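J.: Have a look at this one before I ask anything.
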Amino acid sequence: MNDPDVVIVGGGMQGATMALAAARMGLRPLVVERHRIASGATGNSYGFIHGGLRYLQTMDLRRWRRSRRAQSWFLDNYPGLVRPLACVMPLYRGRMRSPAAFRLAAAMEAWLVRTTGCAQALPAPDVLAADEVSADYPIPRHHLTGAALWHDLVVPDMQALMLAILSDAGVTGPALMEQTEAHDLVVRDNRVAGLRVGRADGAIEEIATPNVVICAGSWSGRWQHGREATSAATLAFNLLLDVPFPTDAALAVSELPGRGRSYFLRPHEGGTLAGTFYCPASGAREPDVGAEDIEAFRGALARALPGSGIADAPVRAVMAGLLPDRDGTGRSLSTSDIVSTAGPAGLCRILGTKLTTAPLLSFEAAHKFWPTEARRAA
1 MNDPDVVIVG
11 GGMQGATMAL
21 AAARMGLRPL
31 VVERHRIASG
41 ATGNSYGFIH
51 GGLRYLQTMD
61 LRRWRRSRRA
71 QSWFLDNYPG
81 LVRPLACVMP
91 LYRGRMRSPA
101 AFRLAAAMEA
111 WLVRTTGCAQ
121 ALPAPDVLAA
131 DEVSADYPIP
141 RHHLTGAALW
151 HDLVVPDMQA
161 LMLAILSDAG
171 VTGPALMEQT
181 EAHDLVVRDN
191 RVAGLRVGRA
201 DGAIEEIATP
211 NVVICAGSWS
221 GRWQHGREAT
231 SAATLAFNLL
241 LDVPFPTDAA
251 LAVSELPGRG
261 RSYFLRPHEG
271 GTLAGTFYCP
281 ASGAREPDVG
291 AEDIEAFRGA
301 LARALPGSGI
311 ADAPVRAVMA
321 GLLPDRDGTG
331 RSLSTSDIVS
341 TAGPAGLCRI
351 LGTKLTTAPL
361 LSFEAAHKFW
371 PTEARRAA
C-alpha cells in the first residue's frame, strides 16, 4: 500500500473512530495495535452507550447533551450493532436515589428533549412500584420505595462493531497492523516523518508518515511531552458469572442500598455479566486480575445482593482492561478528555475517558488537527 497519511496507535474505540474521522476527511489511515482489535479496555468494557440521564443528578447539562449526541451517533451509524437495554435501579426512602429525585431528573430530561431538539430514540424513563421490582430481582427490601427504569444502548458484540468502524475507515488488510507495538517516532526537523514498530516475530519496521495519533489509553503516558498532565492506570474488570440472570434488563445495585458506587448486572451469553470493579494498578502494563481482586468484587456483590447467591456462582470469564486514572488508586478515574499536540509537528495524543463519547472526541480532534482537510470535506 502507499504510505499512510496518518498512523493511529491503538485499536480501541478511540483509535477506530479516529481512523474513521481521518478517512472522512480524505486521509489514508493505518492502525497499529499491540494485541488484537478490541482486546483491551474497549473490548472488555461493560458495553454501555450511555444517554446521559445520570448527569442530570448534578445538573451537568453539557455532559448530558454530549452523551445524547454520542448515543445518537451510534444509532445513526451502526444501528444493527447496538441495541436498547432496559436498566433498573432500586430506590430507597431517605436516600438521594429516591422516586422523587428520579422523577425530577426524568421530567428535566423530557423538557430538555423538547427544547433542545434532541431525538427521543429510546423509551422515556419511568418509575416502577416497589412490589414490581422486588418480585423480579433479589434486592434488599427494607425501605424500598420503587425503582428507576430507563433505557441505554448496549453493544452485544464489541469486536463486530469495531471491525465495522475500521472497515468504513478503509482500515483492512495491510492498513491494520495487529500484534504490532509502536516503538519510537521518526522525527526530522522537529516534524514527524514516521513511526518505528515491532512485529510479533521481532522484526522492526519503519512506517513513513507525516502524522501519528496516539490513542493508546492508559498506555499513552510514554508519549507525553513537556508539562502535560500525567495519567496513571487503574484496573477495571467485569465478571461473567455462570448463573442465569432473572430478567432481560440490567440491574444497578450498590453495597449500601440507594447510595455509593453502583454495580450493574445483566444477562450475557446465558450467564450474568457483573461490573465494573476497580483496583489500583499504578505502573501496570497489562490488566492482571488476581484471585484477591475477584474475591473483593464477589464480596461487594454479596453485600449488594445479600442471600441471592449470585456472588457465589462460578466465574466463567474475567473481562479486564486498564483505564486512565489521576493517581492509580481506582477512586479518581480521569474525567477530562485530553487532545494534545505537544511535541514535534504531526504528533497528536488523544486520551478519552468514556466509551460513549469517543466518536465525538475523535471527530473534534480531527478537525483541530487537520483544519484544511476538514474544510475540504465539509
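Under the UniProt record's numbering, think of the first position of the sequence shown as 1, with each following residue one higher.
Glycine included, C-beta positions come from ideal geometry on N, C-alpha and C.
From a predicted model like this one, the values you see are computed outputs, not experimental measurements.
On the three-state DSSP scale, how would you describe W370?
T.: coil
J.: Between which two residues does the alpha helix (DSSP H) harbouring V6 extend?
T.: Run containing V6: none in the alpha helix (DSSP H); it sits in the beta strand (DSSP E), V6 to V9.
J.: Below 8 Å CB to CB, which residues in the same chain sit around G307 once its five sequence neighbours on both sides are set aside?
T.: Within the same chain, G307 has close Cβ partners P138.
J.: Would you kindly work out how many angstroms separate the C-alpha atoms of P79 and D60, rounded to a whole number?
T.: 27 Å
J.: For D242, name the three-state secondary structure that DSSP assigns.
T.: coil
J.: Is T230 helix, strand or coil when you go by DSSP?
T.: Residue placement at T230 cannot be trusted, given a pLDDT of 48 that sits under 50; the coordinates are not used to answer.
J.: CA-CA distance, E373 and G40?
T.: If I take the Cα positions, the gap works out to 31 Å.
J.: Exposed or buried, which one is I204 when buried takes at least 16 other CB atoms within 10 Å?
T.: When all chains shown are included, I204 counts as exposed.
J.: Considering D168, what are the terminal residues of the alpha helix (DSSP H) in which it resides?
T.: Where D168 is concerned, the enclosing alpha helix (DSSP H) starts and stops at M158 to D168.
J.: Three or more C-beta pairs closer than 8 Å, one from the segment 12–29 and one from the segment 239–258: is that the case here?
T.: Contact fails: fewer than three Cβ-Cβ distances are below 8 Å.
J.: If you follow the beta strand (DSSP E) that M319 is part of, which residue opens it and which one closes it?
T.: V315 to D325
J.: I think S67 touches T356, with their Cβ atoms under 8 Å apart; what is that distance to the nearest whole Å?
T.: 6 Å
J.: Whole angstroms are fine: how far does the CA of G10 sit from the CA of H50?
T.: In a straight line, the C-alpha of H50 is about 23 Å away from that of G10.
J.: Count the other C-beta atoms from every protein chain shown that fall within 10 angstroms of the C-beta of residue 389, then say buried if there are 16 or more, exposed otherwise.
T.: This structure does not reach residue 389, given that the chain is present from 1 up to 378, and the question cannot be answered.
J.: Could you name the residues of the same chain whose beta carbon sits closer than 7 Å to that of F74, not counting the 5 residues immediately before and after it, in chain order?
T.: For F74, where only same-chain residues beyond five positions count, the Cβ hits under 7 Å are I49, V82 and L153.
J.: Could you check where the beta strand (DSSP E) with L20 kicks off and where it finishes?
T.: Taken as a continuous stretch (DSSP letters only), L20 belongs to no beta strand (DSSP E), being part of the alpha helix (DSSP H) at M13 to A23.
J.: According to DSSP, is P140 part of a helix, a strand, or is it coil?
T.: Here P140 sits in coil by DSSP.
J.: Excluding five sequence neighbours on each side, which residues of the same chain lie with their C-beta closer than 7 Å to the C-beta of R303?
T.: In the same chain as R303, and ignoring 5 residues on each side of it, the C-beta atoms closer than 7 Å to its own belong to E255, in chain order.
J.: Which partner residues of C215 appear in the DSSP bridge assignment?
T.: None; C215 has no bridge partner.
J.: In this structure, does DSSP put E255 in helix, strand or coil?
T.: coil
J.: What is the DSSP secondary structure of S340, counted as helix, strand or coil?
T.: strand
J.: Looking at the secondary structure, which residues open and close the alpha helix (DSSP H) in which M108 lies?
T.: P99 to T116
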